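Working notes, beginning with the structure itself.
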Amino acid sequence: MSDLLPLYDSTAADTVLDHDAREAVIDRLLAARTTLGNDASGSPEPGAFEPLDTDFVNWPARLLEDEAELSRIERVGAEFRERADEIVLLGIGGSSMGPRALFSALCDPYHNERPREARRNAPRIYFEGDNLDNNFLVALLDRLAHTTDQRWRLLVTSKSGNTIETAIALRVFLAALEARLGDAVEVAESLAVMTGADSPLRDQAVALGCSNIFTLPEKIGGRFSVMTSVGLLPAAILGLDIRALLAGAAEMTRVFGEADPGDNPPLDHAATSITAEEHHGMNVRVLSVWSKALEPLGLWHDQLLAESLGKDGRGATPLTAVNTRDLHSRGQQHQDGRRDKLITNLMIDEPRNIPLVIPPRPDDTDELNRLAGRTLHEVLDAAIRGTNLAYAEDARPTADIHLPRLGEFTMGALLQMLMLAITLEGYATGINPFGQPGVEAYKRHMHNELGR
Ligand code: PA5
Numbered sequence: 144m145s146d147l148l149p150l151y152d153s154t155a156a157d158t159v160l161d162h163d164a165r166e167a168v169i170d171r172l173l174a175a176r177t178t179l180g181n182d183a184s185g186s187p188e189p190g191a192f193e194p195l196d197t198d199f200v201n202w203p204a205r206l207l208e209d210e211a212e213l214s215r216i217e218r219v220g221a222e223f224r225e226r227a228d229e230i231v232l233l234g235i236g237g238s239s240m241g242p243r244a245l246f247s248a249l250c251d252p253y254h255n256e257r258p259r260e261a262r263r264n265a266p267r268i269y270f271e272g273d274n275l276d277n278n279f280l281v282a283l284l285d286r287l288a289h290t291t292d293q294r295w296r297l298l299v300t301s302k303s304g305n306t307i308e309t310a311i312a313l314r315v316f317l318a319a320l321e322a323r324l325g326d327a328v329e330v331a332e333s334l335a336v337m338t339g340a341d342s343p344l345r346d347q348a349v350a351l352g353c354s355n356i357f358t359l360p361e362k363i364g365g366r367f368s369v370m371t372s373v374g375l376l377p378a379a380i381l382g383l384d385i386r387a388l389l390a391g392a393a394e395m396t397r398v399f400g401e402a403d404p405g406d407n408p409p410l411d412h413a414a415t416s417i418t419a420e421e422h423h424g425m426n427v428r429v430l431s432v433w434s435k436a437l438e439p440l441g442l443w444h445d446q447l448l449a450e451s452l453g454k455d456g457r458g459a460t461p462l463t464a465v466n467t468r469d470l471h472s473r474g475q476q477h478q479d480g481r482r483d484k485l486i487t488n489l490m491i492d493e494p495r496n497i498p499l500v501i502p503p504r505p506d507d508t509d510e511l512n513r514l515a516g517r518t519l520h521e522v523l524d525a526a527i528r529g530t531n532l533a534y535a536e537d538a539r540p541t542a543d544i545h546l547p548r549l550g551e552f553t554m555g556a557l558l559q560m561l562m563l564a565i566t567l568e569g570y571a572t573g574i575n576p577f578g579q580p581g582v583e584a585y586k587r588h589m590h591n592e593l594g595r
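Our numbering puts the first residue of the sequence shown at 144, with every later residue one more than the last.
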């Protein structure tokens, strides 16, 4: 299976970044890895971070051993897949972005537009409760009201159970569900809830008679929760192999704990990132994804980096670019603007579908017959290599993350790699990657504005 792991290659960045500085960073990262390992195994050292939400590290391996919980997720997933034609997933931030990344990376790009048999017999999926946008809520309610089958169901994820965007959306969709079904038992059956052990959402779900309640682990924060029921239940509903997702993540944790620098993707990625920022002042991190399917993964990563390390006036700024699209927008600045960026490419080595071949034309007015017979993937490959060469010529550092192909095992490993890299960076730089105290300020003011 290890040939399905993401590979990290910083050869190009290494020609630009200071070698001695990187070696010194690696020493700090090795010490940080030991501390993180101790914290994650339940033996924190004095002065450990508070909060200390390290359970995500060993969670995939642990859940793979918990047959009862895994089969429960699969059973509820299969039931929702069979009995619903639409799923509305309510959640925001860490309670939404992980499942969204999995959906986009692993399902057909036109999943919701396809007939049922062409989407693994899975329901369509819609993401809401992640905004206060009246038009989108109204449009989705209208869409659901006009489906012929009327078999839509609701997933609600909120660890705290009191996030206002999600809670308002729940009221709205619950009212629609109740109006449609008119029967409390059916409403309860049409609902699954993922929440903390002690949350008002749990009380609400219990009061509704819902038995599909999944308790989120106390020591795993929202943006680190994609390998819990938060990501796994939607994935199971979509017909994805959740055991392979977990296996990939568990394997990445193993590699992280055992491998030397140079063969350790989370540690190597953190080493390049810290060196670029501390030694070269490059405090913008561009995750340049070379597939449209990975844009939501990029947004998930933006959140992970921003909420974990953007604290106390510190932390790099994340930015997702989708290429080749953004070569025609941000590309100018990345090639020619401030030297404040580290670019990490995320590319898929093997396309999932049959490679499209460029057809010849008798007229050749566009002069593309020189490319006739070549595949789109070959052209993309040339674009990646060409862009990297252009950056290298101007001493702009790039690193590559290679995904052998886009499947559950590799995605699980990639998500875990990025969570480990960012956590390790926090440990090595003295920033607590857990918690998000800065998010409270807007909530306080908003509640005041609303008169509470
Ligand atoms: O990473 C985090 O903890 C946050 O992004 C949360 O996931 C987000 O604020 C949603 O919180 P909750 O799940 O409590 O509704």
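Glycine residues also receive a C-beta, built at the ideal position from the N, C-alpha and C atoms. Since this is a predicted model, take the numbers as computed values, not measurements.
- Taking C-beta separations shorter than 8 angstroms and ignoring five residues to either side along the sequence, the partners of Gly405 in its chain run Asp411, following chain order.
- For Ile574, the closest alpha carbon among the candidates Ser451, Gly391, Gly516, Val281 is that of Ser451.
- Sequence-distant partners of Leu195 (beyond 5 residues in either direction) whose C-beta falls short of 8 angstroms from its own C-beta, in its chain, are Asp182, Pro187, Lys362, Phe577.
- For Arg262, no pairing in a beta bridge is given by DSSP.
- Just so you know, the alpha carbons of Val336 and Glu212 end up roughly 15 angstroms apart.
- In the three-state reduction of the DSSP assignment, His545 falls in the strand class, which pools E and B.
- Boundaries of the alpha helix (DSSP H) harbouring Ser247: 240-249, taken from the DSSP string.
- Around the beta-carbon of Met589, fewer than 16 other beta-carbon atoms lie within 10 Å, marking it exposed.
- In this structure, the beta-carbon distance from Ser431 to Gly237 does not fall below 8 angstroms.
- Those residues whose C-beta sits under 6 angstroms from the nearest heavy atom of the ligand PA5 are, from N- to C-terminal order along the chain, Ile235, Gly236, Gly237, Ser238, Ser301, Lys302, Ser303, Thr306, Thr309, Gly364, Gly365, Arg366, Glu450, Gln579.
- In this chain, the alpha helix (DSSP H) harbouring Glu212 covers 210-226.
- Taking a contact to require three or more Cβ pairs closer than 8 angstroms, the segment 154-164 and the segment 537-550 qualify as touching.
- Put simply, of Ala248, Leu179, Ser184, Trp295 the residue whose alpha carbon is nearest the alpha carbon of Asp228 is Trp295.
- Rounded to the nearest angstrom, the gap between the Cα atoms of Asp455 and Gly581 is 9 angstroms.
- A check of alpha carbon separations from Thr467 across Ile491, Ala526, Lys484, Arg504 identifies Ala526 as the nearest.
- If you look at Glu551, you'll find it isn't in any beta strand (DSSP E); it sits in the alpha helix (DSSP H) that goes 551-572.
- With the rule of 3 Cβ pairs closer than 8 angstroms, the segment 373-383 counts as touching the segment 217-234.
- At the C-beta level, Pro203 and Gln559 come within 8 angstroms of one another.
- By the criterion of a C-beta distance shorter than 7 angstroms, Glu420 is surrounded in its chain by Asn426, Ala459, once the five residues flanking it on both sides are discounted.
- For Ala335, the enclosing beta strand (DSSP E) covers residues 334-338.
- Non-local beta-carbon contacts of Leu389 in its own chain, meaning distances under 7 angstroms to residues more than five positions away in sequence, involve Pro203, Leu206, Leu207, Met370, Gly555 in chain order.
- Distance between Ala571 and Arg176, taken at the CA atoms: about 8 angstroms.
- For the pair of segments examined, the segment 262-269 was found not to touch the segment 392-404: the number of CB pairs separated by less than 8 angstroms stays below three.
- Counting along the chain, the unbroken beta strand (DSSP E) around Pro461 starts and ends at 460-465.
- By the neighbour-count criterion, in which 16 or more other beta carbons inside 10 Å mark a residue as buried, Ala282 falls on the exposed side.
- Taken in chain order, the complete beta strand (DSSP E) segments of 3 residues or longer contained in the segment 335-395 are 356-358.
- The beta carbon of Glu438 is closer than 8 angstroms to those of Ser247, Val432, Thr463, Val465 in its chain, skipping five residues each way along the sequence.
- CA-to-CA, the gap between Asp285 and Asp276 works out to about 15 angstroms.
- Distance from the CA atom of Leu383 to the CA atom of Gly516, rounded to whole angstroms, is 34 angstroms.
- A Cβ-Cβ contact shorter than 8 angstroms links Ala319 with Leu287.
- Under DSSP, Asn488 forms a beta bridge with Ser431, Asp543.
- In the structure shown, Val500 falls within a strand segment according to DSSP collapsed to helix, strand and coil.
- Going by DSSP, Thr415 is part of the alpha helix (DSSP H) stretching over 408-423.
- In this structure, Ala379 is the residue among Ala379, Leu447, Val299 with its C-alpha nearest to the C-alpha of Leu245.
- When the Cα atoms are used, Pro498 and Thr518 turn out to be separated by approximately 6 angstroms.
- In this model, Asn278 and Gly272 are separated by some 13 angstroms (Cα to Cα).
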